[in-house]
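Notes for the one structure printed next.
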Amino acid sequence: MSESFYANSCPECHTNLIEDASKGECFCPGCGYVVIDQIENFGPESISSDAEDRMKNARTGSPMSYSLHDLGLRTEIASSFKDFSGRPLDSAMAEQVYGLRKWHSRIRVSSPKERRLSNVLSKINETCASLQLPKLILETASMIYRNYETQNTAKGKSVAGMAAAAIYLACKRCSVLRSLEEIVIATGVQDTNSTYLKLTSKYYRMLVMETTDNTQQQLSIDHYISKLANMARIDVKVVRLAVDIAHLTEDHALADGKAPNGLAAAYLYIASILLGVNVLQRDVSSISNVTEVTIRNRCKDILTTYKMRVTLKPQTINS
Numbered sequence: 301m302s303e304s305f306y307a308n309s310c311p312e313c314h315t316n317l318i319e320d321a322s323k324g325e326c327f328c329p330g331c332g333y334v335v336i337d338q339i340e341n342f343g344p345e346s347i348s349s350d351a352e353d354r355m356k357n358a359r360t361g362s363p364m365s366y367s368l369h370d371l372g373l374r375t376e377i378a379s380s381f382k383d384f385s386g387r388p389l390d391s392a393m394a395e396q397v398y399g400l401r402k403w404h405s406r407i408r409v410s411s412p413k414e415r416r417l418s419n420v421l422s423k424i425n426e427t428c429a430s431l432q433l434p435k436l437i438l439e440t441a442s443m444i445y446r447n448y449e450t451q452n453t454a455k456g457k458s459v460a461g462m463a464a465a466a467i468y469l470a471c472k473r474c475s476v477l478r479s480l481e482e483i484v485i486a487t488g489v490q491d492t493n494s495t496y497l498k499l500t501s502k503y504y505r506m507l508v509m510e511t512t513d514n515t516q517q518q519l520s521i522d523h524y525i526s527k528l529a530n531m532a533r534i535d536v537k538v539v540r541l542a543v544d545i546a547h548l549t550e551d552h553a554l555a556d557g558k559a560p561n562g563l564a565a566a567y568l569y570i571a572s573i574l575l576g577v578n579v580l581q582r583d584v585s586s587i588s589n590v591t592e593v594t595i596r597n598r599c600k601d602i603l604t605t606y607k608m609r610v611t612l613k614p615q616t617i618n619s
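The C-terminal position of the sequence shown is numbered 619 in our numbering, with every residue numbered one higher than the one before it.
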């Protein structure tokens with residue numbers, strides 16, 4: 301029996317009420333008084349354990365999604381050339397169904413604006429799937445581009461660039477750490493040189509200025525330390541010490557104008573030295589996409605600004 305406590309109390313003995321969803325009643329466990337005997341059941345209509353039976357009995361479609369061109373409300377013609385009973389269609393009927401499916405897909409995106417929206421949303425879906433981003437990022441990026449498309453026109457702009465900029469802005473808003481270069485590479489563009497990165501950065505700044513929410517949440521250094529540590533498979537105790545050092549130095553203007561990847565790599569390298577863990581500079585630099593010189597400079601900035609005291613624990617010898 302699925303039961304849950306009701307918000308109100310019993311009018312007779314003032315005991316908390318219990319709602320029994322299986323019987324549709326709301327009663328008092330103390331005196332047995334039934335307050336409500338017909339409660340709406342918002343559960344699934346079918347109680348079948350078979351997924352195919354549930355789909356047959358369902359009278360609603362899939363949930364709405366901003367990542368789809370028509371919010372998921374479209375009607376699709378199945379790609380299989382079979383009737384409702386599973387028997388194959390003859391050649392004439394199969395050709396007719398193929399023509400209907402082709403014209404149905406053409407009519408769905410008739411105007412240039414709809415085609416552009418469909419192309420960008422498809423690229424956003426493809427890129428998020430390639431990066432294994434959560435659905436929250438997919439929906440947020442789709443909503444960002446939809447809001448921009450309603451206020452402005454994206455005519456003449458790169459589809460992959462707009463998709464990458466929207467995903468990067470969604471990652472910023474949802475506190476998911478992804479670099480712009482990672483997203484651009486995941487879009488599948490062959491030419492990922494600095495020119496294309498600058499173009500995507502331009503689109504990103506444009507989205508930030510044109511959308512209503514112009515205040516972007518700054519990611520803390522903890523996110524960068526955790527990401528680099530997971531990629532380099534560094535010990536957990538090194539990560540904890542690096543985060544503690546970062547928290548002790550966060551009040552100083554140490555990070556002004558510095559790349560967060562370089563600072564995170566420096567914190568990890570300092571923590572590994574203090575704990576005696578063998579972590580090479582070249583390994584950290586290759587993962588963080590910064591040079592070894594940058595890591596040494598950031599380490600020098602941290603160590604010259606703050607004095608660190610290391611307390612050695614005496615070793616006990618069991619005789």
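Even for Gly, the Cβ is constructed at its ideal location relative to N, Cα and C.
Values in this document were obtained by computation on a predicted structure and should not be read as measured data.
Assuming the contact rule is C-beta atoms closer than 8 Å, residue 524 and residue 564 should be a hit. Round their C-beta distance to whole Å, please.
4 Å
If you draw a straight line from the C-alpha of residue 541 to the C-alpha of residue 595, how long is it?
17 Å
What residue from 574, 486, 567 and 602 has the CA that sits closest to residue 585's CA?
567
The alpha helix (DSSP H) enclosing residue 601, as first and last residue numbers:
592-605
I believe residue 422 touches residue 486 by the beta-carbon criterion, under 8 Å. Please report the beta-carbon distance rounded to the nearest angstrom.
No, residue 422 and residue 486 are not in contact; Cβ-Cβ is about 14 Å, not under 8 Å.
Top-ranked residue by Cα proximity to residue 560, from 580, 577 and 599
599
Determine the contact status of residue 461 and residue 511, defining contact as a CB-CB distance below 9 Å.
no
If contacts are defined as beta-carbon pairs under 8 Å, then residue 469 and residue 508 qualify, I think. What distance do you get, rounded to the angstrom?
7 Å
Ignoring anything shorter than 4 residues, give me the alpha helix (DSSP H) runs that lie fully in the region 473-527, in order along the chain.
480-486 and 494-510
Beta-carbon separation (whole angstroms), residue 407 vs residue 437, contact threshold 8 Å
Incorrect: roughly 31 Å between the Cβ atoms, too far for contact.
Closest to residue 590 by C-alpha separation, out of 562, 580 and 474, would be which residue?
562
List the endpoints of the continuous alpha helix (DSSP H) containing residue 320.
Note, residue 320: premise wrong, no alpha helix (DSSP H); beta strand (DSSP E) at 316-320.
Hey, residue 446 and residue 366 are a contact pair by Cβ (cut 8 Å); roughly how many whole angstroms apart?
Beta-carbon to beta-carbon, residue 446 and residue 366 are separated by about 6 Å, close enough to satisfy the 8 Å threshold.
Could you tell me the boundaries of the alpha helix (DSSP H) in which residue 336 lies?
Segment 334-336 is the beta strand (DSSP E) holding residue 336; no alpha helix (DSSP H) there.
Residue 447, DSSP secondary structure in three states:
The three-state secondary structure of residue 447, taken from DSSP, is helix.
Checking the sheet assignment: what are the DSSP bridge partners for residue 384?
Partner(s): none; residue 384 has no beta bridge.
What number of angstroms, rounded off, separates the C-alpha of residue 544 from the C-alpha of residue 530?
17 Å
Does DSSP put residue 325 in a helix, a strand or coil?
strand
Check this for me: beta carbons of residue 427 and residue 378, under 9 Å apart or not?
no
Residue burial classification, residue 539 (beta-carbon count within 10 angstroms, cutoff 16):
buried
For residue 535 versus residue 577, is the C-beta distance shorter than 9 Å?
It is a contact, given that the beta carbons lie within the stated cut-off.
Look at the Cβ atom of residue 482, then the Cβ atom of residue 521, and state whether they are nearer than 9 Å.
no
Cut-off 7 Å between Cβ atoms - residues of its own chain near residue 607, not counting five sequence neighbours on either side
Excluding residues up to 5 positions away in sequence, nothing lies with its Cβ nearer than 7 Å to the Cβ of residue 607 in the same chain.
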